[in-house]
Structure formats: structure tokens, C-alpha cells
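Participant: In the numbering used here, the protein residues as written are 0 to 117.
Here a beta-carbon is modelled for each residue, glycine too, at the ideal position from N, C-alpha and C.
Predicted model only: the values in this text are computed from it and were never measured.
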Amino acid sequence: MTTKPDCIFCKITRGEIPSRKVYEDEDVFAFHDIQPVAPVHFLIVPKIHVENLYDTDMRHQALLGKILGMTGQLAREQGCQDGFRVIINNGKVGRQEVYHLHVHVIGDQVPLWGMGRR
Ligand code: 5GP
Ligand code: ZN
């Protein structure tokens with residue numbers, strides 16, 4: 000499995016930086032965003048280090064499908080009963096801050112558009 004020593008989200012998945020865990024299995028790790036934009040705001044990341052969707056291709060099909068496929072159940076478990084928003088920021092124009100692929104799941108009073116704060 001490929002992780003990057005100095006990547007903040009790799010460190011979180013390895014347990015070297017504490018986080019409020021939502022879910023974990025052999026492929027993915029989900030945790031609450033440290034600066035939530037809504038009452039429910041967590042991130043789902045692959046355990047392998049992938050920068051963003053520029054770095055993925057069809058070899059990542061199963062992993063990406065798995066991550067997207069678990070959003071609904073996790074969102075429900077976290078209290079989103081009436082819908083939620085899924086955001087993936089990619090690169091500079093996509094306002095990506097942390098360069099380890101992550102899926103934002105935002106729910107319960109979702110901001111009017113996107114991340115709200117930027
Ligand atoms: P993006 O890269 O899509 O712009 O967003 C990165 C997200 O990661 C931000 O919403 C930010 O609050 C969150 N974040 C950054 N550093 C940490 C951290 O150390 N712990 C947690 N839980 N979230 C973080
Ligand atoms: Zn990483």
C-alpha cells in the first residue's frame with residue numbers, strides 16, 4: 000500500500016494525527032472535518048495516497064465506486080435524513096487545500112453553494 004510520509008491525510012489514516020473517526024476498513028478511512036461548514040461534515044479518503052482525480056484512472060474504478068457507494072449509508076448514520084451534498088475539490092482552480100483525494104460529505108443545513116466559506 001502506498002502512503003506518503005509527510006501527507007496530513009496519510010498521517011490521519013495511519014493514526015499518527017488524531018481525528019474523529021466515522022468509519023474505517025482496509026481501503027478507506029472517514030473522519031469529521033476539523034472545520035465543518037455544516038452540522039454534518041465528514042471526509043472519506045482512500046488509504047492509498049492519491050492526490051486528486053487527475054491521479055486516478057480506470058484502475059481506481061472499484062475504490063472510487065466503493066467510496067461513493069458508502070456515502071449514503073454513512074450520511075444517514077451521521078444524521079442526514081433529508082439529503083446531503085458530496086464535493087470533491089481538485090487542484091488549484093478546484094480550491095483543493097489538502098492534496099490527498101477526499102470526498103466531502105456535507106449535510107443537515109447545507110451551505111447555499113459548495114463549501115460556503117471560500
Ligand atoms: P479541500 O482540500 O477539499 O479544500 O479541503 C480540505 C479539508 O480538510 C478542509 O475542509 C479542512 O477543514 C480539512 N482538514 C484540514 N486539515 C485537517 C485535519 O488535520 N483534520 C481534519 N479532521 N480535517 C482537516
Ligand atoms: Zn496522503
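Grab me the residues of F30's own chain with a C-beta within less than 7 Å of its C-beta, minus the 5 sequence neighbours each way, in chain order.
Facilitator: Excluding positions up to five away in sequence, the list reads I11, S18, R19, K20, V21, F41, L42.
Participant: For K10 and chain D, any beta-carbon pair shorter than 8 Å?
Facilitator: Here chain D cannot be found, since the structure has a single protein chain.
Participant: Candidates I7, D54, D24: which alpha carbon is nearest I16's?
Facilitator: That would be I7, whose Cα lies nearest to the Cα of I16.
Participant: Verify whether the separation of the beta carbon atoms of V102 and T55 is less than 8 Å.
Facilitator: Contact: no.
Participant: Excluding the 5 residues preceding and the 5 following G106 in the sequence, name in chain order all residues of the same chain whose CB lies nearer than 6 Å to its CB.
Facilitator: Around G106: V39, A74, C79, F83.
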